[in-house]
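This report refers to the structure that appears directly beneath it.
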Amino acid sequence: MSSLLSSPFVRVGCLSLWVVCFSACGPAESVSEPVAPTSEARQAAVGTSTTLVAAGSVWKYRDTGVDPGAQWKTVGYSDAAWAQGAAQLGYGDGDEATVVSYGPSASSRYVTTWFRKTFTVADAARVSAGVLRLLRDDGAIVYLNGTEVFRTNLPSGTVTPTTLAPLTIAGVDETTWLSASVPLTSLVSGTNVLAVEVHQSTLNSSDLGFDLELKATLSSQPTPCFALDLPSLASLRASPKKVFAHYFSPYPLSLDNKDPAVDYYARNYLQPTGENSKFAYCGGLLKQRPLPQPPRAAGVDYERVNFEVEVRRASALGLDGFTYDILNHQGTHWTRLLKLLDAASAVDPSFRIVLMPDMTSTYQGTDAEAQTAFVNSIASVAAHPATYHLDDGRLLLSPFAADRRTPQWWASALQALAARGIPSALWPVYVSPWAAATTSLKAQVPLYGTSTWGSRTLSGAAGQKTNPGTAHGMGLKWMAPLAVQDSRPKDLIYTEANNSQALLALWDAAITGGADWVQLITWNDYSEATEFSPSSGTQWAPFDLTAYYTAWFKTGVQPAIVRDAVYYFHRTQATTAAPDLTKQREVYQVRNGASPANEIELLAFLTAPATLEIEVAGTVQRKDVGAGIQSFRIPLREGTPRFRAVRGGVTVATVTSASPISNSIVYQDLLYRAGGSLTCDRSAFFP
-7 MSSLLSSPFV
3 RVGCLSLWVV
13 CFSACGPAES
23 VSEPVAPTSE
33 ARQAAVGTST
43 TLVAAGSVWK
53 YRDTGVDPGA
63 QWKTVGYSDA
73 AWAQGAAQLG
83 YGDGDEATVV
93 SYGPSASSRY
103 VTTWFRKTFT
113 VADAARVSAG
123 VLRLLRDDGA
133 IVYLNGTEVF
143 RTNLPSGTVT
153 PTTLAPLTIA
163 GVDETTWLSA
173 SVPLTSLVSG
183 TNVLAVEVHQ
193 STLNSSDLGF
203 DLELKATLSS
213 QPTPCFALDL
223 PSLASLRASP
233 KKVFAHYFSP
243 YPLSLDNKDP
253 AVDYYARNYL
263 QPTGENSKFA
273 YCGGLLKQRP
283 LPQPPRAAGV
293 DYERVNFEVE
303 VRRASALGLD
313 GFTYDILNHQ
323 GTHWTRLLKL
333 LDAASAVDPS
343 FRIVLMPDMT
353 STYQGTDAEA
363 QTAFVNSIAS
373 VAAHPATYHL
383 DDGRLLLSPF
393 AADRRTPQWW
403 ASALQALAAR
413 GIPSALWPVY
423 VSPWAAATTS
433 LKAQVPLYGT
443 STWGSRTLSG
453 AAGQKTNPGT
463 AHGMGLKWMA
473 PLAVQDSRPK
483 DLIYTEANNS
493 QALLALWDAA
503 ITGGADWVQL
513 ITWNDYSEAT
523 EFSPSSGTQW
533 APFDLTAYYT
543 AWFKTGVQPA
553 IVRDAVYYFH
563 RTQATTAAPD
573 LTKQREVYQV
583 RNGASPANEI
593 ELLAFLTAPA
603 TLEIEVAGTV
613 QRKDVGAGIQ
623 SFRIPLREGT
633 PRFRAVRGGV
643 TVATVTSASP
653 ISNSIVYQDL
663 LYRAGGSLTC
673 DRSAFFP
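For the sequence shown, my numbering begins at -7 and goes up steadily by one.
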C-alpha cells in the first residue's frame, strides 16, 4: 500500500429532511415578517432562484403519536411504513389536501406529527441563501439532513413528542406563511431530506395545518467533483488499459418507476417485512439502494432512460464500459441487456458492453440444449455496435464461472458461433482457482485473457499483485478484480474490507502489478454490497475515488491532487453489537480470512501538509500528515463523526457523516458507509 499512500496509515487510540407538525389551540402567536437578505444572499444574487421543495408537495408523514426515534431526521432513516399525501396536511379547517389523524379522542389528541420530504440536489456547492416559507399550526422545528435549521413557537433545548407549543396559532395567522432565511451548510449533492415536527399547544386542539416551501439561489459556476483534474475521456479511452464495471441486472436505478419513498426498493428490499417478510430473519435483503430519483413521466421507457443515466455516470469516470452479467437469455434480464446496449449507443457511442454469460445461472440443461441457447442468444446481439469486439474483429466473451462447462463444450460453442460468421475469443472469469482452469481451457479454446472474481480483503489484495505476471507468462492478458466491500445480509456473512484499505490495496495490485484491464466488481450488486454506483449509504465516495485511480491506472502516472478532499468510511455499528436474536436468525459470520475491524477512517487527498481531525461525541483526535493520499483511522465509537482537514488554522475540507453510529440495534448491518467533502455539478446524472 505504500505505493498508493504518501505516508503509512495512522491509528490513534481514543441527508434528507423531515418535518413534524402539530397544531394547538391557545394564545395566538404573531407571525414574523420576512427576514432581510443576508450578505450571503446578496452575494449570491448573481445566480438564479431555484425551488428545492415546492409548496403543496407530497410528504411522508407519521400521525400515530408514536416517537419515530432519534434517526427520523436523517437521510438514512426508512420511512417506507409512513403514510404520504400532498400538502397542505392537517385536520379541522377544511382546507387540507390531506387529512391526518388527530389521535384517540377530541380531548386527547396527539401532540406531535412528523413529516419527511426527500429531494435531490445536483451540486450542493452551487446552492446558497436558503429561504424557508412555513405554514404551521402551532409550533415547529425544521431539520435539513438531521441538522436543525429553523424553530418557531417551541422552547429552546430538547423537545420530546409531548412538548407543547407555548402559543396557539389562530385566526388569520393559521393561513399566513412564516418566512425566514435558513442555513444550507448541511445540504449535500445527491439525496437530501427535510424533516419537520409540528407540535400542538393543547391536547384538545381543534385543528392542525402544515405546508412548506424551500427556495435557494443557484450560482452559475459549477465546482469540480474530484481531487484531480480528470483527463479527457478521449485520452483515457485511448489507453490500452481498460476499466469496466460489472453490471448486475437485478438492481437497476428503479424497479417500478415509483416515488423512491414507496417504490419496490423501499417497500420490499430495505424492510424486514418486505416480500411478505421473506427476509425478516436478516432485517431486509439490502442495506442500501441506488440513489433515489424522481419517477419518469408517464409513457417514458424509464428503464431505457435510466440506463442512459448509468452510462453517463460511468463515462464521467473514464470507464470503457460495463461487463454485463447475463443471468438469463430471455425474460427481464435479457430485455435489460437489449435496453442497455441501445442506451450506450445513444449516449456514448464509444461505450462498450462486454458480454458476460453467467454460467451459474443461465444456459442450463444438457450440453446440446445449453449450446443451442448460448449460440442463438449471443448471435442475436453480436452485431450490436455497443458490444465489445477486439481490434481484429472478434467478439469478446467473458463468461463468469467458465469452468461450469468443459473446455470441449466451449470449443464447440465458439465453433458454432464462427459458423454463423461470428469469430469469438474468451476472457474467462473464475471463482475457483484460476491458473489451472485457465491452462485447461487454453488448450482447447482461443483465449484473449483470464481473470478471477478476486479478493475483498487487505491481505488478499496483496496476493493479487503476482497474478498479472502469471497470466502474461501464459501469453494472456490479466483483468484485475476490484471491490469496495462485501456484506451479504441474506447469507448473514461479511468480508472485512478494513474501511477503504482493501479497495486501495486492490488498486495498488492492479497498478503496480501490471494488470491490463480492471473489472470493478460490481457496479450495482446490492445483494453483496459491492457496488461502486452512487448509492444511499456509500453516496458518491467509491464513485469519486474511481475517477482518481482510473486515471492513474490508464495513464501510468499518479494524478496531481489539485483540490483538497476528505472522504470517510465507517460502519453504523460495531461488529460486536448484539442483535435481537428473536428477530435475526443468527449473528453474522466473517469470511475469507480477515479479522473483524471496528474503526472510523478519514481518507484525505491533500495538496499540501495538513492536520486531519475526526470528531465524535465531542472528542477530537488529530494527526499531522504530509501532502498526498493519507488515511487516518481511530477506534469506532457511538455518535456522528465529523471529518476535517485543517491547514494554517483554516479548515480546507470538511464533511459530516450522514450515518450516525449506534450499538443499540435490532438487526446487524455491516455495510461500510461512506461520503466525501467535494460537492460539484452532477446535474448530468439527474436528467
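Even for Gly, the Cβ is constructed at its ideal location relative to N, Cα and C.
Nearest residue (CA-CA) to residue i, options the options
i, options, result
"Arg636", "Leu186, Ser669 and Phe535", "Ser669"
"Asp293", "Leu245, Pro415 and Gln80", "Leu245"
"Leu382", "Ala408, Val346, Trp402 and Val50", "Val346"
"Val174", "Leu156, Asn196 and Glu205", "Glu205"
"Ser171", "Ala132, Gln192 and Leu179", "Ala132"
"Lys109", "Val421, Asp203, Arg448 and Leu176", "Asp203"
"Pro341", "Phe366, Gly323, Val303 and Val437", "Val303"
"Leu662", "Thr160, Leu484, Gln550 and Gly323", "Leu484"
"Lys234", "Trp169, Lys469 and Pro349", "Lys469"
"Thr568", "Lys575, Tyr560 and Ala589", "Ala589"
"Ala609", "Ile626, Arg625 and Glu630", "Glu630"
"Ala365", "Gly446, Val297, Gln322 and Pro216", "Gln322"
"Arg118", "Cys217, Ser198 and Leu136", "Cys217"
"Val644", "Asp556, Val45 and Ala253", "Asp556"
"Leu176", "Val123, Pro158, Ser224 and Thr167", "Val123"
"Tyr94", "Asp87, Leu126 and Arg54", "Arg54"
"Leu228", "Ser181, Ser307, Pro284 and Ala219", "Ser307"
Beta-carbon gap between residue i and residue j smaller than 8 Å
i, j, result
"Pro153", "Asp59", "yes"
"Glu300", "Ala338", "yes"
"Ala360", "Leu409", "no"
"Gly84", "Leu156", "no"
"Arg128", "Thr144", "yes"
"Val647", "Val558", "yes"
"Val582", "Tyr659", "no"
"Asp130", "Phe236", "no"
"Gln363", "Ala405", "yes"
"Ser525", "Pro282", "yes"
"Thr564", "Arg665", "yes"
"Glu442", "Ala463", "Note that residue 442 is Thr in the sequence shown, not Glu. In this structure, Ala463 lies closer than 8 Å to Thr442 by Cβ."
"Met351", "Phe392", "yes"
"Val510", "Phe561", "no"
"Leu388", "Trp426", "no"
"Gly505", "Pro460", "yes"
"Ile503", "Trp445", "no"
"Leu606", "Ile592", "The sequence shown places Ile at residue 606, rather than the Leu named in the question. Against a cut-off of 8 Å, the Cβ pair of Ile592 and Ile606 comes out as a contact."
"Pro633", "Ser649", "yes"
"Trp51", "Leu81", "yes"
"Tyr316", "Tyr440", "no"
"Gly310", "Leu222", "yes"
Continuous alpha helix (DSSP H) stretch holding residue i: start and end
i, result
"Asp536", "Ala533 to Thr547"
"Pro399", "Pro399 to Ala411"
"Asp359", "Asp359 to Val373"
"Phe299", "Tyr294 to Ala308"
"His325", "Thr324 to Val339"
"Glu267", "Gly266 to Ser269"
"Arg229", "Leu225 to Arg229"
"Gly455", "Leu450 to Gly455"
"Thr434", "One detail in the question is off: residue 434 reads as Lys in this sequence, not Thr. It spans Trp426 to Lys434 - the alpha helix (DSSP H) in which Lys434 sits, taken as one unbroken run."
Residue i, enclosing beta strand (DSSP E) - first and last residue
i, result
"Ile553", "Premise fails: Ile553 is in no beta strand (DSSP E) and is neither H nor E."
"Asn137", "Note, Asn137: premise wrong, no beta strand (DSSP E); not H, not E."
"Ala596", "Glu591 to Leu598"
"Lys207", "Leu200 to Leu210"
"Lys250", "That residue, Lys250, is in no beta strand (DSSP E); it is neither H nor E in DSSP."
"Ser178", "Segment: none, Ser178 is in no beta strand (DSSP E) and carries neither H nor E."
"Leu41", "The sequence shown places Ser at residue 41, not Leu. Here the beta strand (DSSP E) through Ser41 covers Thr40 to Val45."
"Ala237", "Lys234 to Tyr239"
Quiz item: Are the segment 62 to 72 and the segment 249 to 260 in contact at 8 Å, needing three or more beta carbon pairs?
Solution: yes
Practice problem: Just list the beta strand (DSSP E) runs in the segment 622 to 654, keeping only unbroken ones of 3 residues or longer that don't cross its boundaries, in chain order. | Solution: 634 to 639 and 642 to 648
Self-check item: Segments of 3+ residues assigned as beta strand (DSSP E) that fall wholly inside the segment 73 to 120
Solution: 75 to 78, 81 to 83 and 104 to 113
Quiz prompt | Those runs of the beta strand (DSSP E) which lie wholly inside the segment 461 to 537 and span at least 3 residues | solution = 469 to 474, 478 to 480, 485 to 487 and 509 to 512
Quiz item: Does the segment 490 to 504 come close enough to the segment 437 to 455 that 3 or more CB-CB pairs lie under 8 Å?
Solution: yes
Quiz item: Can you find at least 3 beta carbon pairs, one from the segment 98 to 107 and one from the segment 174 to 193, that sit closer than 8 Å?
Solution: yes
Quiz item: Between the segment 572 to 581 and the segment 595 to 613, do at least 3 Cβ pairs fall closer than 8 Å?
Solution: no
Practice problem: Would you check if the segment 106 to 122 and the segment 162 to 170 touch, i.e. whether three or more CB-CB distances between them fall below 8 Å? | Solution: no
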